[in-house]
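Here the sequence shown stands for residues 1 to 527, where the numbers follow the UniProt record's numbering. Think of the CB as a built atom: it goes at the ideal place given N, C-alpha and C, for glycine as much as any other residue. Small disclaimer: the values here were computed from a predicted structure and weren't measured. Input: a single structure, listed below in structure tokens.
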Amino acid sequence: MVVDDATGTIAWIGGDDAAAVHVDAVDEVVELGGALVTPAFVDAHAHTSQTGAGLRGVDLGATQSVVQALSRIEDAARKNQGRPVYAPNWDQGGWAERRAHTGSELDRATYGGVVYSPRVDGHSAVISSALAAASGARDLPGWEGDGLVTKDAHHAAREAFNGAVTPAQRQADIDLALRSAAAAGIGLVQENGGRTLSGTDDFAEVLAAGERGDGPQTIGYWAQLVADEAEARDVATLRGARGLAGDLNIDGSIGSRTAHLRADYADASGHTGNAYLTVEQVRDHVAACSLAGVQAGFHVIGDAGVDTAIAGFEAAAGLVGAPVVTRTRHRLEHLEMISAEGIERLVKLGVSASVQPAFDAFWGGDQGMYAARLGADRVHGRAGGDSGPMNPFASMMAAGMIVALGSDSPVTPFAPWESVRACVNHHDADQRVSARSAFLAHTRGGWRAAGFDDRGYLDFGLPATFAVWEVGDLVVQAPDDRIQTWSTDPRSGTPGLPDLSPGTPTPTCQRTVVRGRTVFDSGALDS
């Protein structure tokens with residue numbers, strides 16, 4: 001492959017023998033030594049500054065008890081010398097006490113300091129008394145007592161905490177996150193922002209960072225409802241947003257029991273989660289965005305939330321016409337609990353799915369958090385009615401839906417090969433897909449979900465956005481356990497990918513190039 005530095009595009013691509021013709025005409029030759037070159041990955045759903053804050057903060061993801069978590073928070077408070085403490089990614093299901101920490105415990109650990117400690121899914125948090133006072137969270141819906149917040153109380157606490165972050169620290173967090181993405185072989189990050197998520201300045205800085213040329217590109221989705229075509233166009237233009245979508249929440253998350261369900265949570269009788277938007281609100285937003293030619297979209301997880309989304313999209317099509325809705329290529333984030341019929345209805349309207357395979361890897365299966373919250377029958381779609389299995393990636397792809405893969409970082413880390421592995425080894429055997437299908441969803445699918453059909457692959461004249469990987473055997477894999485799953489036979493005619501069987505090493509990124517510029521280099525390649 002020959003890259004034109006002046007344009008950042010691929011000037012030639014072909015076989016090894018033919019490459020010899022170009023050796024004397026180029027400025028630099030890089031010998032790959034058997035490394036694998038792929039298009040750079042696309043992370044279709046991320047929160048950039050929060051990712052950076054988590055990388056420098058007190059990550060509670062690996063803690064095993066409330067006591068251990070509080071000890072880490074106390075150590076951070078001492079090192080911070082009174083500055084606010086960010087302590088994300090806790091999950092009470094993995095703690096010995098089987099409960100969340102409390103606001104009172106945060107107060108004692110930090111001697112009355114400001115602490116914001118969001119749960120791993122980001123839809124609930126525990127906050128200290130100082131943050132509760134500063135944000136007014138105690139007087140808002142979602143104050144659950146002793147520092148636990150959801151709904152409006154959580155939004156207010158997050159907004160108050162983010163507002164105390166200095167511009168310099170915010171920029172450092174964004175840069176740290178994008179460096180982490182580049183080191184993972186990611187060439188495009190799709191930012192999901194909004195007033196209560198990150199703020200307007202944060203969103204603008206993430207988009208600006210993606211244009212500097214020293215890291216991954218960025219595309220932004222801004223979470224704001226609009227009422228008409230003019231407002232949709234004006235807001236998208238003002239924010240520089242690709243769409244008014246992303247974490248525009250129809251509901252919440254299963255882990256925080258805020259995803260909107262048709263039936264009660266299995267571990268919380270009488271509780272079906274939260275419905276943040278109505279069918280009419282979804283309808284009007286989609287109709288306005290469709291007329292403006294701006295992508296619309298929503299965060300939706302629970303089956304009742306999905307019902308709201310589908311009904312709203314179909315109602316919008318009734319208002320402005322199905323062709324107007326379809327051509328704008330709207331999207332839904334997460335879309336975890338949807339039936340085969342629901343998928344077909346969305347496909348008819350051109351709606352794509354931005355999904356997170358790591359969610360199934362982390363919380364799926366009969367013994368996982370999803371089964372504890374919902375019951376194993378609902379996780380596998382055996383509960384009756386028209387609810388399908390959770391995270392039905394194979395059903396989505398088989399129906400012709402555009403599927404894009406992401407991390408929802410910092411909820412799960414930037415780890416694209418692990419996302420591909422999660423698709424291949426889905427807990428539900430019927431929803432497993434081939435490594436190649438998952439890989440395409442994590443590269444070309446991410447661009448297609450953003451409305452670009454000519455990106456995410458390597459060809460003459462296209463942007464030179466690629467990653468170089470140290471890998472073991474390249475294999476051809478099929479998702480059906482009834483046949484031989486892995487093959488190294490080159491006669492298959494299908495290009496191989498790294499072996500992603502459980503327990504195999506993850507490919508190591510050696511270099512990431514975005515539009516012809518090297519944005520990550522491990523130093524392993526010789527020029």
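Alpha carbon to alpha carbon, what distance is there between D428 and I343? 18 angstroms
Other residues of its chain near I483: CB distance less than 8 angstroms, five sequence neighbours each side excluded: Any reading at I483 is ruled out, since the residue's pLDDT is 35, under 50, leaving its predicted position unreliable.
At a threshold of 6 angstroms, does D43 count as lining the ligand MG (C-beta to nearest heavy atom)? The ligand MG is absent from the structure shown, which contains no ligands of any kind.
Sequence-distant residues of the same chain with beta carbon closer than 8 angstroms to R98, five excluded per side: Q92
Under the three-state DSSP convention, the category M337 falls into: M337: strand per DSSP, three-state reduction.
Within its chain, find whatever has a CB closer than 7 angstroms to the CB of G400; leave out the 5 residues flanking it on each side and keep chain order. V347
Which residues in the same chain have their Cβ closer than 7 angstroms to the Cβ of D284, if we skip the five residues on either side of it in sequence? A227, listed in sequence order.
Check W95 in the structure and name its three-state DSSP category. coil
Shortest alpha-carbon distance to E280 belongs to which of T308, A268, A137 and D107? T308
If you drop the 5 nearest sequence neighbours on each side, which residues of the same chain put their C-beta closer than 7 angstroms to that of I174? T48, S49, G52, E205, V206 and A209
Less than 8 angstroms between the CB atoms is what I'm expecting for S129 and D152, so what's the real figure, rounded? Their Cβ separation, rounded to whole angstroms, is 18 angstroms, which puts S129 and D152 out of contact at 8 angstroms.
Please return the same chain residues whose Cβ sits closer than 7 angstroms to the Cβ of G61, not counting the five positions on each side in sequence. Correct list, in chain order: N89 and V120.
From the DSSP secondary-structure annotation, give me the bridge partner or partners of P463. T9
Rounded to whole angstroms, what's the CA-CA distance from M337 to S256? Just pull it up for me. Going by the C-alpha atoms only, they are around 16 angstroms apart.
If you follow the beta strand (DSSP E) that W90 is in, where does it begin and where does it stop? Segment: none, W90 is in no beta strand (DSSP E) and carries neither H nor E.
If you draw a straight line from the alpha carbon of A156 to that of G122, how long is it in whole angstroms? 13 angstroms
If contacts are defined as beta-carbon pairs under 8 angstroms, then G220 and R195 qualify, I think. What distance do you get, rounded to the angstrom? In fact, because the Cβ distance is near 13 angstroms, the residues do not count as touching under 8 angstroms.
What do you reckon, are the CB atoms on V189 and D59 nearer than 7 angstroms? Annotated as distal: V189 and D59, with beta-carbon spacing of 7 angstroms or more.
CA-to-CA distance, R421 to P502, given in whole angstroms: 8 angstroms
Is it true that the CB of V475 sits closer than 7 angstroms to the CB of D499? yes
Distance, Cα to Cα, S437 vs T258? 31 angstroms
CA-to-CA distance, A164 to N274, given in whole angstroms: 29 angstroms
What would DSSP say about R119, mapped onto helix, strand or coil? In the structure shown, the three-state DSSP call for R119 is strand.
Quick one: measure Cβ to Cβ for V519 and A184, integer angstroms, because I've assumed they're closer than 8 angstroms. With a Cβ gap of about 11 angstroms, V519 and A184 do not count as contacting.
D481: buried (16+ other C-beta within 10 angstroms of its C-beta) or exposed? Note that D481 scores 46 on pLDDT, short of 50, meaning its location in the model is unreliable; the coordinates nonetheless yield the value given after this. Label assigned to D481: exposed.
Run through DSSP, which three-state label would R195 get? coil
Whether or not the region 412-419 and the region 384-391 are in contact is what I'm after, with contact meaning three or more pairs of Cβ atoms, one per stretch, closer than 8 angstroms; do they touch? no
Cα separation between A46 and A77? 27 angstroms
Excluding sequence positions up to five away, which residues of its chain have a Cβ less than 6 angstroms from the Cβ of D4? Closer than 6 angstroms at the Cβ level, and outside the excluded window around D4, lie A11.
For G305 and I254, I'd like the C-alpha separation in whole angstroms. 12 angstroms
Tell me which residue opens and which closes the beta strand (DSSP E) that R436 is part of. It is not in any beta strand (DSSP E) - R436 instead sits in the alpha helix (DSSP H) that spans A435 to H442.
Span of the alpha helix (DSSP H) around G210: T200 to G210
Which residue or residues does DSSP assign as beta-bridge partners of P498? L474
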